[in-house]
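Numbering (this note's numbering), first residue to last: 222 to 716.
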């Protein structure tokens, strides 16, 4: 038997972190077993489904490297892979159930159903459909139709059955059908309900394993009833644990961004995201943290998936992303960072060799401080902005000292005398000034750092000065001096 799994997102919003984890586990399971990974778009919600969301889902899956064997853009023998293009298929199977007496037409209006639901809830009775339309006569049906009522199609549920769902992760789970009621499989506008469309599609697409979030566990018994009624063999189920926030509640925007698009725009590396999500609810016996694509495919198994909810920890994702950034070659990292610099307007479309060499040196200095790619904007702004702002705390602590202006002038004079600004020469000069003036090295180094960058912290002082170059270092010292002194030589506000 060839393994066939699917990921079936609904394009009613951006692809969610939880959805990606589900797609990933399906993809890994298929690749591990040499099976097929199918992408199906469940777009029957006409009012909420948007083409832009479909495009975003497809693009983000590509970005993450989760390629599919059948589905949009690649086709396949069991298409179409958009549910909106399969409405005639659902009608055919709904009509079959009608003809076999396993379903019936229901003429109850939404208002009537809502009133019944409220009455049942007020009485403490489970709000299930009461079967009013189950045994309508032809005359009663004609009467409803003459009133202009458009029927839905309801599936007949035996009220005394007990269903057993066998789940790879949870074992046997029992459901009592008396709490289901006869449920709708086809709406009055001809669109299928989730449970019906999902079941028909999984059966016709020969899905062997359904791996999905455990919030879908309650849908499974209804789907099993449909499988049985249509004579289809059900798949094997595995309901993976939900992803929760650090406070133990369902992951939502208050725990941080939940859409993949956000993490992509912020500059998280695709494989870092994949690697991190793989560890949300799954682990290896030796607790390995970092995986290549091949290692993850080889080592993944559903047997190692935890039954308990996984906790989404943004700090750990940042740490993992930073580790992957540190492992990259400077030239590879530059390809990813240049678009951020370009978008900021710091570099143009054409980059001269000398300019590119400078960019590489800047990236080398900032590489170990990057958590995400977009951090380059805040960390390296002073390399590109000539009139950068000064950090208030930096000025108060490092520049507003009586000795600073004379010190900066002394450093400036020394730099002017240098043929080229070299790291070693600048460091030796500043250490010499420290000894001559009776100052600690930090009392000498820190004011120059703030003068050159406007910040208290950053990459190595001498390395960044060398990247800026002699003329720019002199200009920035002059700028700091002019901001620190008025005509009378007293300090003034510089922020």
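Cβ atoms here follow ideal geometry from the backbone N, Cα and C, with glycine treated the same way.
Just so you know, these numbers come straight off a predicted model, no measurement behind them.
Residue of the options minimising C-alpha distance to residue i
| i | options | result |
| --- | --- | --- |
| residue 288 | 544, 252, 523 and 417 | 252 |
| residue 519 | 527, 317 and 505 | 505 |
| residue 514 | 529, 497 and 502 | 497 |
| residue 471 | 444, 454 and 532 | 532 |
| residue 350 | 404, 372 and 428 | 404 |
| residue 637 | 699, 657, 594 and 664 | 699 |
| residue 502 | 492, 493, 483 and 524 | 524 |
| residue 258 | 387, 358 and 243 | 243 |
| residue 606 | 565, 534, 364 and 355 | 565 |
| residue 439 | 635, 356, 398 and 631 | 398 |
| residue 284 | 597, 481, 702 and 269 | 481 |
| residue 562 | 664, 599 and 425 | 599 |
| residue 619 | 538, 701 and 574 | 701 |
| residue 625 | 679, 665 and 304 | 665 |
N- and C-terminal bounds of the beta strand (DSSP E) containing residue i
| i | result |
| --- | --- |
| residue 257 | 257 to 260 |
| residue 449 | Counting along the chain, residue 449 falls outside any beta strand (DSSP E), though it belongs to the alpha helix (DSSP H) covering 441 to 451. |
| residue 478 | Counting along the chain, residue 478 falls outside any beta strand (DSSP E), and DSSP gives it neither H nor E. |
| residue 387 | 383 to 388 |
| residue 324 | 324 to 327 |
| residue 405 | 405 to 407 |
Span separating the alpha-carbon of residue i from that of residue j
| i | j | result |
| --- | --- | --- |
| residue 710 | residue 466 | Confidence in residue 710 is poor, its pLDDT being 43 and thus under 50, which makes the residue's placement unreliable; the coordinate value appears in the next sentence. One C-alpha to the other measures close to 55 Å. |
| residue 409 | residue 342 | 25 Å |
| residue 621 | residue 705 | 8 Å |
| residue 265 | residue 245 | 24 Å |
| residue 662 | residue 648 | 10 Å |
| residue 278 | residue 232 | 7 Å |
| residue 521 | residue 250 | 7 Å |
| residue 595 | residue 603 | 15 Å |
| residue 689 | residue 652 | 20 Å |
| residue 645 | residue 516 | 44 Å |
| residue 281 | residue 236 | 8 Å |
| residue 273 | residue 267 | 14 Å |
| residue 670 | residue 485 | 33 Å |
| residue 393 | residue 458 | 11 Å |
| residue 275 | residue 262 | 8 Å |
| residue 686 | residue 668 | 13 Å |
| residue 320 | residue 297 | 31 Å |
| residue 322 | residue 270 | 33 Å |
| residue 354 | residue 372 | 10 Å |
Three-way DSSP call (helix, strand, coil) for residue i in this model
| i | result |
| --- | --- |
| residue 307 | coil |
| residue 713 | With a pLDDT of 49 at residue 713, under the threshold of 50, the modelled position of this residue cannot be trusted; read the value that follows with caution. In the structure shown, residue 713 sits in coil (DSSP, three-state: anything other than H, G, I, E or B). |
| residue 353 | coil |
| residue 458 | strand |
| residue 376 | strand |
| residue 428 | coil |
| residue 718 | A question about residue 718 goes unanswered here, because the residues of the chain that appear run from 222 up to 716. |
| residue 708 | Bear in mind that a pLDDT of 44 at residue 708, under 50, signals an unreliable position, so the model cannot answer this. |
| residue 229 | coil |
| residue 624 | coil |
| residue 267 | coil |
| residue 568 | coil |
| residue 237 | strand |
| residue 503 | strand |
| residue 391 | coil |
| residue 719 | The requested residue 719 does not occur in the structure, where the chain is confined to residues 222 to 716. |
| residue 291 | strand |
| residue 641 | coil |
| residue 526 | strand |
| residue 675 | coil |
| residue 608 | coil |
| residue 701 | helix |
| residue 630 | helix |
| residue 581 | helix |
| residue 413 | strand |
Test: residue i CB closer than 8 Å to a CB of chain C
| i | result |
| --- | --- |
| residue 588 | Although the question refers to chain C, the structure presented lacks it and comprises just one protein chain. |
Element boundaries [alpha helix (DSSP H), containing residue i]
| i | result |
| --- | --- |
| residue 561 | 551 to 564 |
| residue 331 | 331 to 343 |
| residue 536 | 535 to 547 |
| residue 361 | 359 to 367 |
| residue 596 | 596 to 600 |
| residue 273 | 272 to 285 |
| residue 518 | 514 to 520 |
Report yes or no: do three or more beta-carbon pairs, one from the stretch 675 to 686 and one from the stretch 605 to 615, lie closer than 8 Å? yes
Is there contact here, the stretch 543 to 550 with the stretch 584 to 599, by at least three beta-carbon pairs under 8 Å? yes
Give a yes or no on contact between the stretch 288 to 304 and the stretch 485 to 497, applying the rule of three or more CB pairs nearer than 8 Å. no
Touch test, the stretch 442 to 456 against the stretch 375 to 390, Cβ-Cβ under 8 Å, three pairs minimum: yes
Is there contact here, the stretch 532 to 541 with the stretch 563 to 582, by at least three beta-carbon pairs under 8 Å? no
Inter-stretch contact (C-beta, 8 Å, three-pair minimum) for the stretch 318 to 329 and the stretch 357 to 366: yes
Can you confirm whether the stretch 454 to 468 touches the stretch 427 to 437 when touching is taken to mean that 3 or more C-beta pairs between the two stretches lie within less than 8 Å? yes
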